[in-house]
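Residue numbers (our numbering): 577 to 788.
Every residue, glycine too, gets a C-beta built ideally from N, C-alpha and C.
A short worksheet on the structure shown next.
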């Protein structure tokens with residue numbers, strides 16, 4: 577596979593972005609750039625490019641144990657060919673579900689990329705809206721929609737009613753958080769760390785009118 581792909585980060589296990597213990601792949605680059613996004617570090621396109629072969633070799637040891645794959649970003653559908661290639665490879669290695677977060681509308685995605693959407697189990701669609709409430713699992717704002725596209729998705733996600741969680745992840749000398757925080761959660765995390773003598777910065781601080 578010679579497909580190039582821009583990746584912000586990968587991690588296993590992730591428990592906050594889907595059913596069970598999951599492989600998480602965050603794409604780099606986002607043309608949507610929702611106001612209030614807490615992942616502004618994923619916006620810049622064309623950086624952190626690697627070959628898909630390199631990515632899959634990293635993911636391979638995790639495939640047998642993982643309950644599924646979560647694809648986020650950034651905006652995965654800004655690299656549709658890479659999404660398609662990654663999913664095709666994953667389907668040969670793992671029987672769990674594939675969940676993808678996109679800021680584009682479901683209608684646009686079905687119109688432009690029907691072959692890719694048809695390979696998903698779960699699609700979380702629509703742009704994040706910081707003015708909307710957040711009461712639904714796996715959604716940053718209530719305008720976002722969860723689409724259960726396969727039987728395994730219906731089995732795992734139809735009655736999803738879990739308290740939101742965050743993953744505290746360690747990669748070499750970097751500590752970072754994965755998940756969908758509640759309003760003001762990032763500000764509270766910064767305050768608590770500051771009280772313990774630690775300085776922390778999050779990308780939502782770079783934006784006006786943010787939640788947290």
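Along the beta strand (DSSP E) that carries residue i, what are the first and last residues, could you check?
i, result
"residue 722", "721–724"
"residue 712", "Looking at the DSSP string, residue 712 is not in any beta strand (DSSP E), and its letter there is neither H nor E."
Using only CA atoms, which one of the options lies nearest to residue i?
i, options, result
"residue 753", "719, 705 and 588", "588"
"residue 626", "578, 699, 677 and 678", "578"
"residue 593", "707, 736, 749 and 750", "736"
Is residue i helix, strand or coil by DSSP?
i, result
"residue 675", "strand"
"residue 727", "helix"
"residue 682", "helix"
"residue 787", "Only weak support exists for where residue 787 lies, its pLDDT of 36 falling under 50; the value from the coordinates is given anyway. Correct three-state label for residue 787: coil."
"residue 667", "helix"
"residue 652", "helix"
"residue 704", "coil"
Ordered along the chain, which non-local residues of its own chain (more than five positions away) have a Cβ less than 6 Å from that of residue i?
i, result
"residue 705", "717 and 719"
"residue 767", "none"
"residue 665", "632"
CB-CB under 8 Å to residue i, same chain, minus the five flanking residues each way: which ones, in chain order?
i, result
"residue 597", "588, 589, 590, 591, 641, 642 and 643"
"residue 676", "646, 647, 648, 652, 659, 696, 698, 699 and 700"
"residue 784", "Residue confidence for residue 784 is low, a pLDDT of 43 falling below 50, so the modelled location carries little weight and cannot support an answer."
Are residue i and residue j close, meaning C-beta to C-beta below 7 Å?
i, j, result
"residue 607", "residue 657", "no"
"residue 604", "residue 580", "no"
"residue 602", "residue 672", "no"
"residue 733", "residue 742", "no"
"residue 693", "residue 684", "no"
"residue 702", "residue 721", "yes"
"residue 661", "residue 636", "no"
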